[in-house]
Structures are given as structure tokens and as C-alpha cells.
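Each remark here refers to the structure printed beneath this line.
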Amino acid sequence: ILTAAGAETLLEVDDQMHAAELGPMARTEAPFFLQICGLVRDDNRQEGGKRLFNIQMELERAMPEVHACSLSLDSVIYKLRGTPDLLIRVYPDLQNPDSKSMITLGHSRYSTNTLPTAERAQPFSLLGHNGEINTIEKLRSSARALGIMPTPGGSDSQDLNRILEGLIHLHGFEFMEALEMVFPAIHTEVERMPAGLRRMYGFYRWFFAPSAQGPAAVVSRFGDMCMGSVDALGLRPLWFGESDYDYFLSSEKGVVDLQNTIHDPRPLAPGEKIAIISGAGKRGEVLDYCALQERLLRLFEQGRLTPLADNLHLRIPESILNCPEGACHELRRFFQDRPVFDDGECPATSAQLAAFGWHKYDQNMRKHVAATGKGPIGSMGHQGPLACMDGESLANVSDFFTRGQGARVVDGVLQID
């Protein structure tokens, strides 16, 4: 698979795990640990990352029993069933001084809404997550529409990670853009932002409408950047602090001894994000949320929208097209001669719509979305009578099947140094 995808394998190692250090149950379930070192000869790191992402997708399809912890140009991931202090004993790589990390992300518990297996253990390739994603099914369906396939049998955190990977590698977004798209600013606050930011968030909602909602503290890393994010209601804490040598983000305030911190760690506000930029031979740089939004706006105003629009919507709202300095000129020209469906010659009657399950409420909701460009506000649950108890309506077969979808709380610890 690697060779067929254009990757060159230089080294394979399968004996770098001391399973004898694990407990009895963990030893019986210890995975076969295989490490591969290789080259991808692409013109730039973006193309190389995309190639590795596609290789990982092919591995999942062809070998579902294989779990790729990491397949990256930047990072490696080690997992085990046991306490964090076992890592350095089980994986001798971590004792090598040449393997010292500039950025370290850790999660010390298995997810409580999946089986305790290495495949579902955090962190994943980009993030560690404390909390739950209540809108995961909508996120998954929207990701599929964009060609991003969720992880087979994946948890909410794992599929959120996959969506971020897809936005970066398949659709060309920067890491900070992808995270801001999935965890957007609070909508009521966006309405009071400057016009440029309103247009930017309007485009984010147009391209990827659903957002990751629910109590969540997220620490994520891609390349030389680490980002922290808190849900809009601040239901899961995330602390930022600075020690004598490091910056850190953690769901636990006391993860670093207070004697070693320069000042008392501060909690991120509801909906807030923060970024730490590091790299070989340079001092770490911290970006607060305002500085992050300024960078995001500069990226947006570069006018990189046209390549993203080819296989999406037939028409973009004028509020999105009103970009400054001709940034959307190419996008307007792209859509100028595109056909738009018109049912004027054969309008659908109410009876025909009802036969396909379109009731008056559904039609009114679609009219609202078409007129305003905004999704309807209402209950997340079913708002009508159960189909089996509603003899006066013409119910669809699908109306007789209902199910609840939710996630449980993950009380894990996140740490970034």
C-alpha cells in the first residue's frame, strides 16, 4: 500500500515495546507494535501530508484490523493500557535523549463511552479531548458529504479528529482555520464583530455548517502549532500557564507544581481559543484569541475560496460574496453561468410533497433557510406526535423509527508542555 501510493519505506521495526512492564490484563491485550520510517517525495509539506492521509484511509479500508496511531511528518504517538508513568518503561524510544519533544500532548484515561482499547485511546493524530460532542452524528454526515470518511467504529473524539484532518489535508485549510470552523465563535458574538470577521465566519458556516457542540475542552497540535479551545458555555475547564521553561495547557490546574510556575494559571473563557507556536531553535510565541482572529482574517482575505466551491453549492449568498478588495472576483465568475434548478415549469403540489413526507412545517423551515441563509432555531428532538399514535397524518416508514444519540463524559487529563 505504501509503495503503491508513492511512499518509500526505509526502516521497519517491531521489537521496540517492552510488554513485560504491563499488568496481566494489559499484556493479554497488548497490540503488535510496528514502526515504519520512510520518505514521501512531494514538492512541499502540504502535499506530503495529504499523501500520508490518503495512505491512512487506504490502510483502514484494506486492513481494518490495523490501527495507525500516527502517520505524520511531524509527530509520533505512543499508547498503552496503564498509568502514564509506564510509557517510558514500555517504549524505550522515549528514553533516548535524541527523541526529546518540542510539543507533548497527553491524555491519561480511556474514553468512557467506548471499550478500553488502544484504537479508541486518546490522544489521536491531532487532538486530546475532555468532554463530549453532542452533535457528532451531524458532524459525521456533513464530513461524508465533503469526502471525509469517519473512522470505522470511531468515538466522538476520534471522528472529530478525522474531520479536522480532512479539512486540512483534503480541502487545504490551515490548522487554525479547521479548528475555528469546527469550533466557531459564539454566533451572537459574531453579529457584533467587524464586517470582515462576520464575512469570514459566514463563509465557515457556508462551507461546514455544523459545529461541535457540547461540553468540551480540546488541546490540539499540528506541525509547530498547539491550540487550546473551550466550548461556548465553558462547561469543561482548560487552564493556561507558564513555568520557568514551558507553556502548558491542561484540564487540571495543578498539573504543574505551583512552585515552578511564573504566575497562577488562568482559565480560558467560554468559547475562547489560544495558540502556542514553537519550532526548532526559536522561542515559543503565544497568540490570544484576538491575535488568532486577525491571522484567520488575513488568510480569508487572500481569496482562496474558488478551489473549495467546485463540488459544493450551486449558489452562494450575497453576504458571502461581498468580500473586500476583489477577493471573491474569481468566485463570482465561477458561479456566473452555473445552472440553478427551477421548478417553475412543474411546481410540486402540497399533496405531492406530503406523499414524500414534506409537511407544512418542513416547507416553512426550508423557506426560512432560503430567505435568511441561516439554519432554523428549535429543539434538537422530535417536535411532533409519535407516528404510531398519529392516525390522522400520512407518516413515512422512517417516522416509525427513532433513536437517541449521545456521548458520555470523559474525565480525562490533558497536558501540553
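Taking the working numbering, the leading residue of the sequence shown gets 869, the next gets one more, and so forth.
C-beta atoms are modelled at their ideal positions from N, C-alpha and C, and glycine is treated no differently.
Since this is a predicted model, take the numbers as computed values, not measurements.
Per DSSP, the unbroken alpha helix (DSSP H) holding residue 1073 starts and ends at 1063 to 1075. DSSP, read as helix, strand or coil, puts residue 931 in coil.
For residue 1229, the enclosing alpha helix (DSSP H) stretches over residues 1228 to 1240. Unbroken alpha helix (DSSP H) stretches of 4 residues or longer found wholly inside the segment 1110 to 1142: none.
Leaving aside the five residues that flank residue 1033 on each side, the residues in its chain whose CB is nearer than 7 Å to its CB run, in chain order, 921, 993 and 994. Sequence-distant partners of residue 1099 (beyond 5 residues in either direction) whose C-beta falls short of 6 Å from its own C-beta, in its chain, are 1083 and 1084. Take residue 1157, set aside five residues on each side of it, and the residues of its chain with a beta-carbon closer than 6 Å to its own are 1140 and 1141, in chain order.
Two segments are said to touch when three or more pairs of C-beta atoms, one from each, lie closer than 8 Å; by this definition the segment 946 to 958 does not touch the segment 1000 to 1008. Residue pairing by DSSP puts residue 877 in a beta bridge opposite 906. In this chain, the beta strand (DSSP E) harbouring residue 1097 covers 1093 to 1098. Using a 10 angstroms sphere on the CB of residue 990, the tally of other CB atoms reaches 16 or more, which defines it as buried. If you compare the alpha carbons of 1151, 1144 and 1112 with that of residue 1132, the shortest gap goes to 1112. In the same chain as residue 1010, and ignoring 5 residues on each side of it, the C-beta atoms closer than 6 Å to its own belong to 1078, in chain order.
Each of 1013, 1114, 1068 and 1023 was checked against the Cα of residue 1150, and the nearest Cα belongs to 1114. By the beta-carbon neighbour count (other beta carbons within 10 angstroms, threshold 16), residue 1104 is buried. Around the beta-carbon of residue 998, 16 or more other beta-carbon atoms lie within 10 Å, marking it buried. Residue 1153 is bridged by DSSP to 1145. In the three-state reduction of the DSSP assignment, residue 997 falls in the strand class, which pools E and B.
In this structure, DSSP gives residue 1085 an extended state, which the three-state scheme calls strand.
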